[in-house]
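*Asks:* Residue numbers (my numbering): 830 to 975.
Here a beta-carbon is modelled for each residue, glycine too, at the ideal position from N, C-alpha and C.
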Amino acid sequence: MNKNNMRKKLYQKIIIIFSGLALFGSMTVATFSFRQSSPSSLSKSNTETIYSIDERLYSIIQGYETVLEREPNNMTAKQGLEEALRTLVATQIQAKNLDKTIPIMEKLTTLVPENDQYKNILKQIKNNTNSNTKVKDLSVSDSSNP
């Protein structure tokens, strides 16, 4: 029995050593692969992230619009739609897609006609699109703070 115990402990030590080496090796490989990734591949992944965010936002917007078709006075759906549209506008402005931003801002101004800030931002986006100037300070803040 003593021999069996010694063998078990030897096997345990060997397994622990190999596990430690495997962990160290995988960490080393991950570090080198991260360092070797080019900036263009990082920007590509950022672009893919923006697209996946946009896809999710469009899905959320569609859900809120469906609820509002059935229940036009549902304030929770209206607020959720407003927030999703504002977030989508922000991602489009960040990606410098002003042409895509215009219809979204038009939906926002229709949804919340009392918000003059949305109307001003829409006008500014249209002016920037027409004159091909750079987007300066376009930010869509909370509608409760016009």
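How should ASN974 be labelled, buried or exposed, when 16 other C-beta atoms within 10 angstroms of its C-beta is the threshold for buried?
*Replies:* Only weak support is given to the placement of ASN974: the predicted model assigns it a pLDDT of 43, under 50, and the question is left unresolved by the model.
*Asks:* Determine the direct distance from the alpha carbon of LEU940 to that of ILE954, and round the result to whole angstroms.
*Replies:* Taking the straight line joining both Cα atoms gives about 18 Å.
*Asks:* Please identify the residue among GLU911, LYS925, ILE889 and VAL896 whose C-alpha is closest to the C-alpha of GLU943.
*Replies:* GLU911
*Asks:* How long is the line joining the alpha carbons of MET934 and ARG899, rounded to whole angstroms?
*Replies:* So the alpha carbons of these two residues sit roughly 23 Å apart.
*Asks:* Leaving out five residues on either side along the sequence, give the residues of the same chain with a beta carbon under 7 Å from the beta carbon of LEU927.
*Replies:* ILE954, ASN957, THR958 and VAL964
*Asks:* Among THR895, VAL918 and VAL896, which has the Cα closest to the Cα of ASP883?
*Replies:* VAL918
*Asks:* For TYR887, count the other beta carbons within 10 Å of its own beta carbon; 16 or more makes it buried, fewer makes it exposed. Which is it?
*Replies:* exposed
*Asks:* Pick helix, strand or coil for LYS925, following the three-state DSSP scheme.
*Replies:* Of the three classes helix, strand and coil, the one that applies to LYS925 here is coil, per DSSP.
*Asks:* What would DSSP say about VAL941, mapped onto helix, strand or coil?
*Replies:* coil
*Asks:* Helix, strand or coil: how does DSSP classify ASN902 here?
*Replies:* Three-state result, ASN902: coil.
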